[in-house]
Amino acid sequence: MAVKSVWQYYVPAADVLRLLDLFRRMVNDSLRIGLLNNASSLRRLSLLSYNQLARYHSPSYYKLCAISRAAGILAARNKSARRGYPTRTPYAVKPQLVSCYGFKITNDGLEIPVSRGKRFSIPLTTHTLQVISQSGVKVRSFTLTQNKLCLCIARDVPMIECVSTVGVDRNLRNLTVGNDDQTRHYDLSKSVRIAGTTRIVASFRRNDDRIRTRIASKYGERRTSRTSNLLHNATKTIVAVAVQRRTAIVLENIGGIRSLYRKGNGQGRRYRGRVNGWSYYEAQRQIEYKARWAGLPVIRLSRSETRGSSVTCPRCGERLQSDKRLERKLWCGRCRIVMDRDRVAAINLARRGRVRFARSQPLVRIEAQGGAVEAVKGNPTPTVIPGVDAPKLTHQTKS
957 MAVKSVWQYY VPAADVLRLL DLFRRMVNDS LRIGLLNNAS SLRRLSLLSY
1007 NQLARYHSPS YYKLCAISRA AGILAARNKS ARRGYPTRTP YAVKPQLVSC
1057 YGFKITNDGL EIPVSRGKRF SIPLTTHTLQ VISQSGVKVR SFTLTQNKLC
1107 LCIARDVPMI ECVSTVGVDR NLRNLTVGND DQTRHYDLSK SVRIAGTTRI
1157 VASFRRNDDR IRTRIASKYG ERRTSRTSNL LHNATKTIVA VAVQRRTAIV
1207 LENIGGIRSL YRKGNGQGRR YRGRVNGWSY YEAQRQIEYK ARWAGLPVIR
1257 LSRSETRGSS VTCPRCGERL QSDKRLERKL WCGRCRIVMD RDRVAAINLA
1307 RRGRVRFARS QPLVRIEAQG GAVEAVKGNP TPTVIPGVDA PKLTHQTKS
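Just add 956 to wherever you are in the sequence shown, counting from 1, and you've got the numbering used here.
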């Protein structure tokens, strides 16, 4: 089942604002009870907290949702503690309401109960109605803040039968997508300029730490929204083209890449800050949920399968050599050609993902001459003939 969300702004009423603050206090009470009794599972926290929340005049299913919200916060805190990260005492600050019960969509609006026998209707925008009215879409839950409504929607999507794979190479300034047939660059250099400008503005000194935090938070949110929009446009096109060509998307595993850019590794402070500020996982997150919503398979390679994808020659398999004069281009000593490292990585990722994709496909039984034999569709690793089957991405060097 594919899941995503759609949100819009709305104008709250006084009863809704009171309900949001009431829900926040119920979450904090559940958190307090869970910390006192060392309880983080939903079942135990419900047994301990439900009777304690009886003093709140709220619909009963909001109490269950508040307990569920608190259980999720406590589980995330315990997970961070197990990983060795420093944790604080959890406390809900912003008024909000999260529920999967009691709501219904009627007359182009979302009706939610605010008290016994009283309901409040939120008009839905044209975009929201268009999204939730798609075939097979079901609204599972809603989240309310002081001025924003978010609907969680889901649908069962039949998987697309893919005929090939396409690799996605993530870089600081671009996304490169391609396979043996063709490759394409998606320029993201504007996000680097946005991050650099935000870092300069956020570094201004203020006498009050609260003002400094507020200014940095404001520009940080603006930076996140602008870079997310750039990634949204790129990933939307990537998934749309992959659906049209029926190609599964192959993603690399670059977890732990930040350890390469720590203090003492030989890089400058500005360069380390620029690379460590790169949201490399956001592109993967957007591609995965959009592909899942379209029914497109996504293949995640392991770290060992990802290793060497950008420095292995797609023609002969030899290790490519670097040259500072060639910038992001590498050359092969055996083939005597120069290739772009991003395109090389995309091609190698597509090939390695094709092997994984072929292994996951069911075997096809073929009846021949009264006997049954098994065969696999296609050849997952076709033989590459140098100069013939290699992609047209190279430049011949002078020998």
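Just so you know, even glycine gets a beta-carbon here, dropped at the ideal spot from N, CA and C.
Please say whether residue j and residue i have beta carbons closer to each other than 8 Å?
i, j, result
"LEU1128", "TRP1234", "yes"
"ARG1248", "THR1121", "no"
"ARG1228", "TYR1245", "no"
"ALA1302", "THR1139", "yes"
"VAL972", "PHE1098", "no"
"THR1191", "GLN1242", "yes"
"GLY1040", "ASN1304", "no"
"GLU1208", "ASP1298", "no"
"ILE1078", "ILE1109", "no"
"LEU1085", "LYS1146", "no"
"LEU1004", "ASN994", "no"
"ILE1210", "THR1262", "yes"
Residue i: buried (16+ other C-beta within 10 angstroms of its C-beta) or exposed?
i, result
"TYR1018", "buried"
"TYR966", "buried"
"MET957", "exposed"
"ALA1135", "Checking the sequence, you will find Asn at residue 1135 rather than Ala. With 16 or more other Cβ atoms within 10 Å, it is buried."
"VAL1329", "Confidence is the limiting factor: at VAL1329 the pLDDT is only 36, short of 50, which leaves the residue's position unreliable and the question unanswerable from this model."
"THR1153", "exposed"
"PRO1042", "exposed"
"LEU987", "buried"
"ASP1143", "exposed"
How far does the alpha helix (DSSP H) with residue i in it extend, from its first residue to its last?
i, result
"GLU1244", "1236-1250"
"LEU1066", "Premise fails: LEU1066 lies in the beta strand (DSSP E), 1065-1071, not in any alpha helix (DSSP H)."
"ARG988", "970-992"
"TYR1047", "Note, TYR1047: premise wrong, no alpha helix (DSSP H); not H, not E."
"ARG1228", "1225-1232"
"ARG1259", "1259-1262"
How big is the Cα-Cα spacing for residue i and residue j?
i, j, result
"ASN1094", "TYR1237", "Sequence check: residue 1094 is Lys here, not Asn. Taking the straight line from one Cα to the other gives about 28 Å."
"LEU975", "ARG1166", "28 Å"
"ARG1179", "ALA1239", "15 Å"
"GLY1092", "ASN1063", "19 Å"
"ASN1007", "LYS1074", "24 Å"
"LYS1280", "CYS1288", "15 Å"
"LYS960", "HIS1188", "14 Å"
"LEU991", "ALA1031", "11 Å"
"MET1295", "LEU1282", "10 Å"
"ILE1023", "GLY1220", "46 Å"
If you run the structure through DSSP and keep just helix, strand and coil, what is residue i?
i, result
"SER1005", "helix"
"LYS1141", "The amino acid at residue 1141 is misidentified as Lys; the sequence shows His. HIS1141: strand per DSSP, three-state reduction."
"GLN1086", "helix"
"SER1147", "helix"
"TYR1217", "helix"
"SER1173", "helix"
What residue range does the beta strand (DSSP E) around residue i cover?
i, result
"LYS1019", "Element bounds for LYS1019: not the beta strand (DSSP E) but the alpha helix (DSSP H), 1016-1038."
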